[in-house]
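Numbering (my numbering), first residue to last: 15 to 594.
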């Protein structure tokens, strides 16, 4: 029983006890046990465990895949005769505390042989019910872990069960790249005065639950020689990146790199030699050099800047850049409102440029939430809902304790609502209320929910939400509007008695509000529709007496001319005469 080497790595030498496991392909396990091969549907289970404690059980099935079979031979028949079982599981960078069940992404391998299992004794009944085409169990490991595959062989010639073990470790060949500022497209030349963006992809250099680092050697034809540290982009990403300013100097000073403000000294016509020494690779000697030679062009494009400033304090520098980006955002909104498309586009481009500069110059994770929030605001104003949702979602999932997390949760739900998916929006609003119950945004959430159900003509629910709002936020600036909306909900639900009482409560609670005259009129309408002519007659009169110049008073006088109101007038007059 052994882990098979990945197809992208060389076969391990016979004298090597630890197999090499490639990160780019599934981990493949082979077991030879003829007495378990009863038919083509036979299978067995192998447990994989890392030295960090991550485990996964792999179901191995009869298969001739990756085996030394005779040409043209039927693989399954030969495998059944040999008792050859094969199983596979997807690898993921992580530790024993990382999620073991993850959604299947487009980049993951499909059609695994055998595959991971979920044991009932683990208490994963919910996971077993999930669609296997949507989620899978993975083996979390890092570059320092050793994977031990264990199989309990129950039937042996001596009659004593034996546990068979085989081990392997993660091996990947590091790749060095010089890219654009987005770390996406490679570049083949550099400009003095701009920045050098470096990226290394090497999964086995992810060795801890912190952001790890690797080093790159940089030398130049004019004498520059520095060692640069690249930080891991995220914990367990296996991708390391960093940027350095290119400063003009025809006589570079060796070894003067400042880690806080890294600068590479070069000159026009220079050539930089970049080397990444991969200490653990799939080569014969176990190491690999990845190198790039890139020229520095002679001359640069001119750029006029109004002014620039160098800050000695990082916090002040970052805050200044954030204020600049926020100013561009406000300009963007103003120009959008004025329909100045060219200026709006320029504001958007400049605002995003400033945020990219913050990420490049100060790659500290603590600035990520604020950057994502501003990027989300730009996308939301452009009605690019998917991009906005992605930005806000990253904050609430990865930085839930940040001060911007409640606002991001609110805007996340708002984006879902504006994009037409109110089910997701409602879930987002409820999450906000449950997670941040004392946040002032809860009031806005309740208003949006009330308005939504009112527009959907679910008047009972809208009225209930409105009443809860008044209980919790009676002094809110929009409490009068919600109180009036409650009466409208009852009226449209044809609960005329409740509607009349709601409008009466409004008139008593908000006597100076602009809607008070309307509330008296609609109270009269509600009572009249509910056949309570006596109360209707009084509310119409209150409306025309207290607010004689209002439009509502004009309509109230019209209603008082109705036959039933004239009869009520006569009844009221007769009652007064009797009392006298």
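Cβ coordinates follow ideal geometry from the N, Cα and C atoms, glycine included.
Contacts around residue i, its chain only, beta-carbon distance under 6 Å, and the 5 residues preceding and following it disregarded
| i | result |
| --- | --- |
| residue 157 | 184, 218, 219, 220 and 221 |
| residue 261 | 277 and 279 |
| residue 64 | 155, 159 and 161 |
| residue 287 | 233 and 307 |
| residue 213 | 191, 193, 197 and 255 |
| residue 105 | 37, 41 and 153 |
| residue 240 | 232 and 271 |
| residue 61 | 71 and 164 |
| residue 542 | 550 |
| residue 558 | 567, 570 and 571 |
| residue 508 | none |
| residue 283 | 312 |
Neighbourhood of residue i by C-beta, 7 Å cutoff - its chain only, sequence neighbours within 5 removed
| i | result |
| --- | --- |
| residue 402 | 390, 393, 394 and 429 |
| residue 383 | 409, 413, 416 and 418 |
| residue 319 | Unreliable positioning characterises residue 319 in this predicted model, as indicated by a pLDDT of 49, which lies under 50. A coordinate reading is not provided. |
| residue 227 | 243, 244, 245, 246 and 254 |
| residue 493 | 484 and 487 |
| residue 527 | 494 |
| residue 122 | 104 |
| residue 258 | 209, 210, 242, 276, 277 and 278 |
| residue 249 | 223, 224 and 225 |
| residue 357 | 349 |
| residue 468 | 476, 499 and 503 |
| residue 201 | 192, 193 and 194 |
Span of the alpha helix (DSSP H), counted from its first residue to its last, around residue i
| i | result |
| --- | --- |
| residue 455 | 455 to 469 |
| residue 219 | Where residue 219 is concerned, there is no enclosing alpha helix (DSSP H), given that its DSSP letter is neither H nor E. |
| residue 354 | No alpha helix (DSSP H) holds residue 354; DSSP gives it neither H nor E. |
| residue 475 | 473 to 486 |
| residue 130 | Not the alpha helix (DSSP H): residue 130 falls in the beta strand (DSSP E), residues 129 to 131. |
| residue 199 | Per DSSP, residue 199 belongs to no alpha helix (DSSP H) and is neither H nor E. |
| residue 430 | 419 to 432 |
| residue 504 | 493 to 506 |
| residue 448 | 436 to 449 |
| residue 381 | Careful: residue 381 lies outside any alpha helix (DSSP H) and carries neither H nor E. |
Cβ-based neighbour list, residue i, same chain, cut-off 8 Å, excluding 5 preceding and 5 following
| i | result |
| --- | --- |
| residue 588 | none |
| residue 301 | 291, 292, 293, 294 and 295 |
| residue 561 | 530, 531, 534 and 567 |
| residue 199 | 193 |
| residue 3 | Any question about residue 3 goes unanswered here, given that the chain covers just 15 to 594. |
| residue 446 | 420, 423, 424, 427, 453, 455, 456 and 459 |
| residue 321 | With a pLDDT of only 46 at residue 321, under the threshold of 50, the placement of this residue in the model should not be trusted; the figure read from the coordinates follows. The answer is none, since no qualifying residue turns up. |
| residue 148 | 117 and 118 |
Endpoints, the beta strand (DSSP E) within which residue i is located
| i | result |
| --- | --- |
| residue 151 | 149 to 155 |
| residue 44 | 41 to 46 |
| residue 278 | 277 to 280 |
Residue i - partner residues in DSSP beta bridges
| i | result |
| --- | --- |
| residue 191 | 213 |
| residue 163 | 62 and 180 |
| residue 401 | For residue 401, which the question treats as bridged, DSSP gives no partner whatsoever. |
| residue 372 | In DSSP, residue 372 forms no bridge with anything. |
| residue 6 | With the chain covering only 15 through 594, there is no way to say anything about residue 6. |
| residue 227 | 245 |
| residue 57 | 75 |
| residue 34 | 183 |
| residue 292 | 302 |
| residue 312 | None; residue 312 has no bridge partner. |
| residue 234 | 286 |
| residue 70 | 62 |
Residue i Cβ short of 6 Å to the ligand MN heavy atom set
| i | result |
| --- | --- |
| residue 107 | For the ligand MN, the structure offers nothing, since it holds no ligand at all. |
Contiguous alpha helix (DSSP H) assignments of at least 4 residues, all confined to the stretch 78 to 127: 89 to 96
contact_flag[the stretch 410 to 424, the stretch 383 to 390] where n(CB pairs < 8 Å) is 3 or more: yes
Runs of beta strand (DSSP E) lying entirely within the stretch 238 to 266, each at least 3 residues, in chain order: 239 to 246 and 253 to 262
Contact the stretch 449 to 458 vs the stretch 468 to 480: 3+ CB pairs below 8 Å: no
Stretch pair the stretch 43 to 53 + the stretch 95 to 110: three plus CB contacts closer than 8 Å: yes
Given 8 Å, three or more beta-carbon pairs between the stretch 185 to 195 and the stretch 235 to 249: Taking 8 Å as the limit for Cβ pairs, the verdict is that the stretch 235 to 249 does not touch the stretch 185 to 195.
Touch test, the stretch 124 to 131 against the stretch 69 to 82, Cβ-Cβ under 8 Å, three pairs minimum: Counting Cβ pairs under 8 Å, three or more are found: they touch.
Length at least 4, wholly inside the stretch 518 to 588: the alpha helix (DSSP H) runs in chain order: 530 to 543, 547 to 560 and 565 to 574
The stretch 551 to 571 contacting the stretch 579 to 587, beta-carbon criterion three pairs below 8 Å: The stretch 551 to 571 is in contact with the stretch 579 to 587.
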